[in-house]
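Asker: Structure below; questions to follow.
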């Protein structure tokens, strides 16, 4: 296993250096920043990552974006934002990029979503810089099988799955976390880890919610011992202490 800290936490950089962890850069995940001059922000993280010397991850923009968009203009924007993420990752020396599925059950028919997503990613992946990997993250899916079908359909070694355990433990999910892990295991490359109470996407520190994280992590590491995990929490030190207490860190 390999641990990272998301930069959603104010202390992410400090904690990463203190514990020799990677970073998941979330600063470019909201598209508004992508319309500004990114020179200083990119230089800032390039310097940090060079000093840190640990493999890191970039979270691509996601709000309003969808690889299955009906509107051709939105589909073009989605493609451009993902290419922009590739360019930023290249400048930072990052080879793994998290992208959301964009699935919303109230808007997209499931079969349409799967078919269009497969087509989008098959066309997009040849544009990836060599060595870059896409990690497809769940958000509002009721089950793991939409991701499974997309990964099966794309069938590319640099197209993998990211399982956000908090999203999969929300009120929309109809399956236990262990079932999500088992279904996605053949494609599973990365985890977003945080806690909640089974209703909303609360991003609580580990041990502050109701997820049986010991059982979930035991199951995960049994199936995917080389998995990377990002702590997407507000206070990483609290979650790291919990992981140490439970023997996972």
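Residue numbers (the working numbering): 14 to 262. C-beta atoms are modelled at their ideal positions from N, C-alpha and C, and glycine is treated no differently.
In whole angstroms, give me the CA-to-CA distance for residue 157 and residue 122.
Answerer: If you take the alpha carbons of residue 157 and residue 122, they lie about 16 Å apart.
Asker: Using 8 Å as the cut-off, can you tell me whether the stretch 189-204 makes contact with the stretch 20-27, which would need three or more C-beta pairs spanning the two stretches below that distance?
Answerer: In short, these stretches do not touch, since the Cβ pair count stays below three.
Asker: Exposed or buried, residue 118, counting other C-beta atoms within 10 Å across all chains shown (16 or more means buried)?
Answerer: When all chains shown are included, residue 118 counts as exposed.
Asker: Can you grab the Cα-Cα spacing for the pair residue 147 / residue 221, in whole Å?
Answerer: Residue 147 and residue 221: Cα-Cα distance of roughly 30 Å.
Asker: Return the CA-CA distance between residue 81 and residue 130, expressed in angstroms with no decimal places.
Answerer: Going from the Cα of residue 81 to the Cα of residue 130 covers about 5 Å.
Asker: Could you give the first and the last residue of the continuous beta strand (DSSP E) run that contains residue 112?
Answerer: Segment 109-113, the beta strand (DSSP E) holding residue 112.
Asker: Considering just the uninterrupted stretch of the beta strand (DSSP E) at residue 82, what are its terminal residues?
Answerer: No beta strand (DSSP E) holds residue 82; DSSP gives it neither H nor E.
Asker: Please identify the residue among 237, 244, 98 whose C-alpha is closest to the C-alpha of residue 207.
Answerer: Ranking the options by Cα distance to residue 207, first place goes to 244.
Asker: Consult DSSP for residue 150 and reduce its assignment to one of helix, strand or coil.
Answerer: Looking at residue 150 - three-state DSSP - the assignment turns out to be strand.
Asker: Reducing DSSP to helix, strand and coil, say where residue 171 ends up.
Answerer: Coil at residue 171, not helix or strand.
Asker: Is residue 265 helix, strand or coil when you go by DSSP?
Answerer: The requested residue 265 is not part of the displayed model; the chain covers only 14 to 262.
Asker: DSSP puts residue 243 in a beta bridge; with which residues?
Answerer: In DSSP, residue 243 forms a bridge with 17, 205.
Asker: Is it a yes or a no for the stretch 36-51 touching the stretch 131-142, going by three-plus beta-carbon pairs under 8 Å?
Answerer: At 8 Å Cβ cutoff, the stretches do not touch.
Asker: Output needed for residue 70: all residues of its chain with C-beta closer than 8 Å, excluding positions within five of it in sequence on either side, in chain order.
Answerer: The residues are 17, 35, 36, 37, 38, 107, 109, 110, 111, 148, 203, 241, 243.
Asker: Any idea which residues DSSP pairs residue 38 with across the strands?
Answerer: Paired residue(s): 71.
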